[in-house]
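Student: Structure provided below as structure tokens; questions to follow.
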């Protein structure tokens, strides 16, 4: 197993550690005695997992260690960390947490994107789906929303709303692009062709 894949698996293993620390911190807040050591540990675990994404990607590219397993594990680890953090920080008893509509929006958008990709891939084997600029901005802002909640910054609501709006807009953008590709795919086929 390559070193980048080992780092990716390590990132996956940090996800339940993050969840437990975040929940325990939320319980300490609910009990009226916030344990800031738990919050600090939660931040460190999340940062370690998030930064390891850049490290494993750099190693894989720089040392030509890309692998089919890494191509599957890396996006799963990324999405797993992001969604788990968003869900956990919306359900935990932190003083400042993510509103419940935020994970619903993010998960709904991801389901629409995955469903659309499956449909488009089924209809066109050679389809190359790439993230849009708005999609990348959405991911960055979702990560920023997680960060401001972890840090318990007082202006976190503005960041969450901006992240939510950009996430929604990126979802609309992906739907529009999917419809465009479906329409173009139908017109590009020779008449009488079933493929």
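In the working numbering, the protein residues as written are 68 to 262. Virtual Cβ for every residue (Gly too), placed ideally from N, Cα, C.
DSSP state of residue 133, grouped into three classes?
Tutor: It is coil, neither helix nor strand.
Student: So residue 152 packs on residue 213, CB below 8 Å; how close in whole Å?
Tutor: The Cβ separation is near 5 Å, so the contact holds.
Student: Under a three-way DSSP split, which group does residue 69 fall into?
Tutor: Coil at residue 69, not helix or strand.
Student: Less than 7 Å between CB atoms is the rule here; does residue 239 satisfy it with respect to chain B?
Tutor: The structure shown contains no chain B; it holds only a single protein chain.
Student: Would you kindly work out how many angstroms separate the C-alpha atoms of residue 80 and residue 120, rounded to a whole number?
Tutor: Taking the straight line joining both Cα atoms gives about 13 Å.
Student: To the nearest angstrom, report how far apart residue 201 and residue 208 are at their CA atoms.
Tutor: One C-alpha to the other measures close to 10 Å.
Student: Excluding five sequence neighbours on each side, which residues of the same chain lie with their C-beta closer than 7 Å to the C-beta of residue 96?
Tutor: 160, 161, 162, listed in sequence order.
Student: Just the C-alpha distance for residue 251 and residue 190, rounded to the nearest angstrom, thanks.
Tutor: Between residue 251 and residue 190, the C-alpha separation is close to 12 Å.
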